[in-house]
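For what it's worth, the working numbering labels the leading residue of the sequence shown as 1298, then goes sequentially.
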Amino acid sequence: MKEAEEQGGEISLETGAMTKESLEVLLNTLPVDLTFVNAEDKVQYFSQSKARIFPRAKAVIGRKVQQCHPQKSVHKVHQILGDFKSGQRDVAEFWIQLKERLIYIRYLALRDKNKEYLGCLEVTQDITDIKKIEGEKRLL
């Protein structure tokens, strides 16, 4: 993959291909914040969307995820990651009020085709306006 990136080529994926630049723009444009924690519990990646809810500094890359949470919630982080690693569960969901906004936080276990644990994806989204949707609005 490094060769393709250095040559400005595309990164080949199972359902298509795109350049590194396109992939990065896509991840930063999604209406959610993403953070990837590898199988060793280290933060390996985070998206940089304009509406990021919880600020991230590049200094967190390589840091244990437990060090990125308030002390009072670290035991919960350990429990979730332990459950993911053991295969006991694949999702943990939370929602919190942050000022006037409703924030939905999901942790998703990432597994390869052999169901081996690869890490965890944290997805954070402001759902305040989504909760207000009623009826339907069609494209046409």
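Note that the Cβ used here is the ideal one computed from N, Cα and C, for glycine as well.
- In the three-state DSSP reduction, Thr-1312 falls in the coil class, being neither helix nor strand.
- For Thr-1326, the number of other beta carbons within 10 angstroms of its own is below 16, and it is reported as exposed.
- In this structure Phe-1391 is exposed. Its beta-carbon is surrounded by fewer than 16 other beta-carbon atoms within 10 angstroms.
- Put simply, the backbone Cα of Ala-1356 is about 43 Å away from that of Glu-1433.
- Secondary structure note for Phe-1381: its alpha helix (DSSP H) is the uninterrupted segment 1371-1383.
- Judged by DSSP in its simplified three-state form, Ile-1427 adopts helix.
- DSSP places Ala-1354 in the coil class of the three-state scheme, outside both helix and strand.
- Under the three-state reduction of DSSP, Val-1362 is assigned to helix.
- Between the alpha carbons of Ala-1314 and Gln-1345 lies a distance of about 22 Å.
- The beta carbon of Asp-1387 sits closer than 6 Å to the beta carbons of Ala-1406 from its chain, once the five residues preceding and following it are set aside; these are given in chain order.
- Looking at the DSSP output, Thr-1326 sits in no beta bridge, so it has no partner there.
- A distance below 8 Å separates the beta carbons of Ile-1308 and Leu-1320.
- Secondary structure note for Glu-1390: its beta strand (DSSP E) is the uninterrupted segment 1388-1395.
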